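Numbering (UniProt numbering), first residue to last: 1 to 87. C-beta: ideal position from N, C-alpha, C; glycine also. Because the structure is a prediction, the values reported are computed rather than measured. Here the structure is laid out as C-alpha cells; the discussion comes afterwards.
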C-alpha cells in the first residue's frame, strides 16, 4: 500500500495548467504531479490538502507567481529568510 509523506517544511505549490509542483524554500522542485482534473484544480483554496508525488501538502496562503521570486532571500549569515509581501 502506498503511503503519502507529509511535507513538514515550508515551501510552495505551483499550479500551471494541469501540473502541480512542490517547491522548497530554496526554490527547487522536489516533486511534481500531472494529469489532475481541471475541476479539482479550480477548487484548490486555502486549507486544501494536495498530494504531489509522495508528499502531502496543506495550503495555508495563496500568492501570485511573480511574488514567489521575491519571497526567498539569503541573509548575511547565510540563513534562509522568508519575507511576506508588504513586510
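Neighbour-count burial assignment, residue i, 16 or more Cβ in a 10 Å radius
| i | result |
| --- | --- |
| residue 22 | buried |
| residue 46 | exposed |
| residue 57 | buried |
| residue 13 | buried |
| residue 81 | Annotation note: pLDDT 42 at residue 81 (below 50); position unreliable, coordinate value reported separately. Exposed, since its Cβ has fewer than 16 Cβ neighbours within 10 Å. |
| residue 49 | exposed |
| residue 11 | buried |
| residue 8 | exposed |
Which residues DSSP lists as bridging residue i, in chain order
| i | result |
| --- | --- |
| residue 34 | Answer is none; residue 34 lacks a bridge partner. |
| residue 23 | 12 and 29 |
| residue 46 | Answer by DSSP bridge pairing: none, since residue 46 is not bridged. |
| residue 57 | 50 |
Top-ranked residue by Cα proximity to residue i, from the options
| i | options | result |
| --- | --- | --- |
| residue 16 | 49, 50, 28 and 34 | 34 |
| residue 40 | 28, 18, 8 and 27 | 18 |
Presumed contact (8 Å Cβ cut-off) between residue i and residue j, rounded CB distance
| i | j | result |
| --- | --- | --- |
| residue 52 | residue 31 | 5 Å |
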